[in-house]
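Below is one structure, written out as structure tokens, with a few remarks after it.
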Amino acid sequence: MAQSSGRGGGTGRFAVGEYLVGKQIGTGSYSTVWLARHRVHGTEVAIKEIVTARLNSKLKESLMSEIVILQKINHPNIIHLHDMIQDSGKVYIVLEYCRGGDLSMYIQQRNGRIPEATAKHFMQQLASGLKVLRENNLIHRDLKPQNLLLSVNNDNAVLKIADFGFARSLQPRGLAETLCGSPLYMAPEIMQLQKYDAKADLWSVGAILFQLVTGRTPFIGNNQIQLLQNIVKSSELQFPSNAKNLSDECIDLCKKLLRRNPVERLTFEEFFNHQFLAKRKPDELSRIWKPQRKIDGFPLSGSSRANADESQEDCLPFKLDDDSCGTDVNQSYSGRLQQKSPFNYSTDSKGYRRDAFNVPCLPDPTFNAIDGPCIQDSTARSAGSHYLSEGNLKESHNSTEHRQTVTNKEGAHSCNNINQ
1 MAQSSGRGGG TGRFAVGEYL VGKQIGTGSY STVWLARHRV HGTEVAIKEI
51 VTARLNSKLK ESLMSEIVIL QKINHPNIIH LHDMIQDSGK VYIVLEYCRG
101 GDLSMYIQQR NGRIPEATAK HFMQQLASGL KVLRENNLIH RDLKPQNLLL
151 SVNNDNAVLK IADFGFARSL QPRGLAETLC GSPLYMAPEI MQLQKYDAKA
201 DLWSVGAILF QLVTGRTPFI GNNQIQLLQN IVKSSELQFP SNAKNLSDEC
251 IDLCKKLLRR NPVERLTFEE FFNHQFLAKR KPDELSRIWK PQRKIDGFPL
301 SGSSRANADE SQEDCLPFKL DDDSCGTDVN QSYSGRLQQK SPFNYSTDSK
351 GYRRDAFNVP CLPDPTFNAI DGPCIQDSTA RSAGSHYLSE GNLKESHNST
401 EHRQTVTNKE GAHSCNNINQ
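Here the sequence shown stands for residues 1 to 420, where the numbers follow the UniProt record's numbering.
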């Protein structure tokens, strides 16, 4: 097991295993994010420092689940876990460092929408990553632009699926019963608290594709209930006027992914083989299952990763203190709203905006960005009349009903890249 070397001098650089830690990127109620570099190979990584004493059993379970999943898969379109280091009541998660930020940043910087050809490029990579998850009977359950990271900030970026805090193993024909995800990208069967399977991820894929090529999400509403009502009452997916130049294949895929009834929705096999994804299909990507060890209850990958370090793209897996919720359906609704997944990262240039469109949760302690990319603060919320759409959110919390609503501002939240 890689060991932390501790801090020397308090505010200066310190070592975590084989990594020399540099500047602090951000802090949250459960973790601190550091920019670090491998002492031998020079590979830049993001190290997530988590104080385990602050975690309840549910959060520890979510953390361990994410570690196990990332240990099992080594794939260019899945965020890479370099190492997990445990020391003195802390867990250090060493992850890829992404220079390109997330997909929501990318499209916001391009006025909210991107050319169909670029959308196809990203969807092919998303499909490649999902194929790996599917082969291993995994469902992500929180696919959204904020959880799709880019190696660089250009049209040739490598897309990587991140934020596996809500992912779970789902055996064939198995059905899940938890509420999690982000409403604007959440399958209606999840919002209705129905049992669901891996096809819930395909709805999210459809919502992402629709947003990429049209500049808005397929359904909106004043709140989550109205959003669901708008989905249920819609008879046919409506495209905005600026989407007239979309190809028939793109429109067809959107419609078939966004079918309200999961039985009528595309299967994964149909999705992977859809004509929209057929052209410029990426080369088959390798999948490697890695051996695991356990230390003090935490699965641990080997800390000696020279070859992997040399081959990795620089990636930043930023989704810290995410407000998405995931808990058993048989709990009370107010109880569900209090659950959080705090182990994942996001960036935001304003520093006090929360990650857009998460399931309502109770406020979280202040989250600050320090000398790096601005990271969302889930406490910066205000009451008033709100509107749920692909914009920014301001939230209010009703102490009696534990409900929150969201407000719309034009455009997706923006983010700055980390200054090296």
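We put the CB at the ideal spot given by N, CA and C, even for glycine.
Residue 277 vs residue 124 beta-carbon contact at 8 angstroms: Here residue 277 is taken as the residue at index 277 of the sequence shown, counted from 1. Here residue 124 is taken as the residue at index 124 of the sequence shown, counted from 1. Contact: yes.
Inter-residue spacing [alpha-carbon to alpha-carbon] between residue 219 and residue 236: As a working note, residue 219 is residue 219 in the sequence shown. As a working note, residue 236 is residue 236 in the sequence shown. In a straight line, the C-alpha of residue 219 is about 11 angstroms away from that of residue 236.
First and last residue of the uninterrupted beta strand (DSSP E) at residue 427: Since the first and last residues shown for the chain are 1 and 420, residue 427 lies out of range.
Unbroken beta strand (DSSP E) run spanning residue 32, endpoints: Looking up residue 32 in the sequence shown gives position 32. Per DSSP, residue 32 belongs to the beta strand (DSSP E) from 31-38.
Alpha carbon of residue 268 to alpha carbon of residue 151, nearest angstrom: As a working mapping, residue 268 is identified with position 268 in the sequence shown. As a working mapping, residue 151 is identified with position 151 in the sequence shown. Answer to the nearest angstrom: the Cα atoms are 26 angstroms apart.
Sub-8 angstroms separation of residue 198 and residue 265 beta-carbons: The sequence position of residue 198 within the sequence shown is 198, counting from 1. The sequence position of residue 265 within the sequence shown is 265, counting from 1. Not in contact: residue 198 and residue 265 (Cβ atoms no closer than 8 angstroms).
Unbroken stretches of the beta strand (DSSP E), 3 residues or longer, contained in the stretch 67-152: 81-87, 90-96 and 148-150
Buried/exposed call for residue 162, threshold 16 Cβ in 10 Å: By 1-based counting over the sequence shown, the position of residue 162 is 162. Classification of residue 162: buried, given that the 10 Å Cβ count is 16 or more.
Same chain, Cβ closer than 8 angstroms to residue 21, neighbours up to 5 away in sequence not counted: Here the question's residue 21 lines up with position 21 in the sequence shown. Around residue 21: 13, 14, 15, 34, 35, 36 and 47.
Residue closest to residue 275, alpha-carbon to alpha-carbon, out of 96, 242, 250 and 217: Here the question's residue 275 lines up with position 275 in the sequence shown. Residue 275 has its Cα closest to that of 250, out of 96, 242, 250 and 217.
Buried/exposed call for residue 241, threshold 16 Cβ in 10 Å: Here residue 241 refers to the residue found at position 241 of the sequence shown. When all chains shown are included, residue 241 counts as exposed.
Three-state class that DSSP yields for residue 220 in the structure shown: Position 220 of the sequence shown, counted from the first residue, corresponds to residue 220. If DSSP states are grouped into helix, strand and coil, residue 220 belongs with coil.
Reduced DSSP category for residue 215 - H, G, I as helix; E, B as strand; rest coil: Mapped onto the sequence shown, residue 215 falls at position 215. Note: residue 215 maps to coil in three-state DSSP.
Alpha-carbon to alpha-carbon, residue 76 and residue 305: Mapped onto the sequence shown, residue 305 falls at position 305. Mapped onto the sequence shown, residue 76 falls at position 76. Annotation note: pLDDT 39 at residue 305 (below 50); position unreliable, no value reported.
Rounded separation between residue 109 and residue 101 - CA only: In the sequence shown, counting from the first residue as 1, residue 109 sits at position 109. In the sequence shown, counting from the first residue as 1, residue 101 sits at position 101. Roughly 11 angstroms separates the two Cα atoms.
Residue closest to residue 185, alpha-carbon to alpha-carbon, out of 160, 228 and 222: Position 185 of the sequence shown, counted from the first residue, corresponds to residue 185. Considering only alpha carbons, the answer is 228.
Three CB pairs or more closer than 8 angstroms across the stretch 42-59 and the stretch 87-103: yes
Where residue 248 falls, given that 16 or more other Cβ within 10 Å makes a residue buried: Position 248 of the sequence shown holds residue 248. Answer is exposed; the Cβ neighbour count stays below 16.
Cβ-Cβ separation, residue 201 to residue 143 (assumed contact under 8 angstroms), whole Å: For the purposes of this step, residue 143 is identified with residue 143 of the sequence shown, where counting begins at 1. For the purposes of this step, residue 201 is identified with residue 201 of the sequence shown, where counting begins at 1. Right, the Cβ-Cβ distance comes to about 6 angstroms (below 8 angstroms), so this counts as a contact.
Same chain, Cβ closer than 8 angstroms to residue 192, neighbours up to 5 away in sequence not counted: Within the sequence shown, numbered from 1, the residue matching residue 192 stands at position 192. These residues qualify, in order along the chain: 228.
Beta-ladder partner(s) of residue 157, from DSSP: Residue mapping note: residue 157 aligns to position 157 of the sequence shown, counting from 1. None, per the DSSP bridge assignment.
Same chain, Cβ closer than 7 angstroms to residue 231, neighbours up to 5 away in sequence not counted: Taking the sequence shown and counting its residues from 1, the one referred to as residue 231 is at position 231. Once the five neighbours on either side are set aside, the close Cβ partners of residue 231 are 188, 219 and 260.
Length of the line joining the Cα atoms of residue 129 and residue 270: Position 129 of the sequence shown, counting from 1, holds the residue named residue 129. Position 270 of the sequence shown, counting from 1, holds the residue named residue 270. Answer to the nearest angstrom: the Cα atoms are 16 angstroms apart.
Residue environment, residue 183, which counts as buried when at least 16 other CB atoms sit within 10 Å: What you label residue 183 is simply residue 183 of the sequence shown in a count that begins at 1. It is buried - the Cβ of residue 183 has at least 16 other Cβ atoms within 10 Å.
Beta-carbon contacts of residue 254 that lie in its chain and below 7 angstroms, excluding the five residues immediately before and after: As a first step, residue 254 is located in the sequence shown; it is residue number 254 there, counting from the start. Same-chain partners within the cutoff: 206, 209, 210 and 237.
Start and end residues, beta strand (DSSP E) containing residue 46: Within the sequence shown, the letter at position 46 stands for residue 46. Looking at the DSSP string, the run of the beta strand (DSSP E) that includes residue 46 is 44-51.
Counted within 10 angstroms of its Cβ, other Cβ atoms place residue 91 as buried (16 or more) or exposed: Walking along the sequence shown from the start, residue 91 turns up at place 91. Label assigned to residue 91: buried.
CB contact below 8 angstroms: residue 259 versus chain C: Here there is only one protein chain, and chain C is not present.
As assigned by DSSP and simplified to three states, the class of residue 165: As a first step, residue 165 must be located in the sequence shown, where it is residue number 165. The answer is coil: DSSP assigns residue 165 none of H, G, I, E or B.
Beta bridge counterpart(s) of residue 193 as assigned by DSSP: The count along the sequence shown starts at 1 and reaches residue 193 at position 193. None; residue 193 has no bridge partner.
Cβ pair residue 164, residue 63 closer than 8 angstroms: On the sequence shown, position 164 is the one that residue 164 refers to. On the sequence shown, position 63 is the one that residue 63 refers to. Against a cut-off of 8 angstroms, the Cβ pair of residue 63 and residue 164 comes out as no contact.
Cβ-Cβ distance between residue 160 and residue 78 below 8 angstroms: As a working note, residue 160 is residue 160 in the sequence shown. As a working note, residue 78 is residue 78 in the sequence shown. Cβ distance < 8 angstroms, so residue 160 and residue 78 count as in contact.
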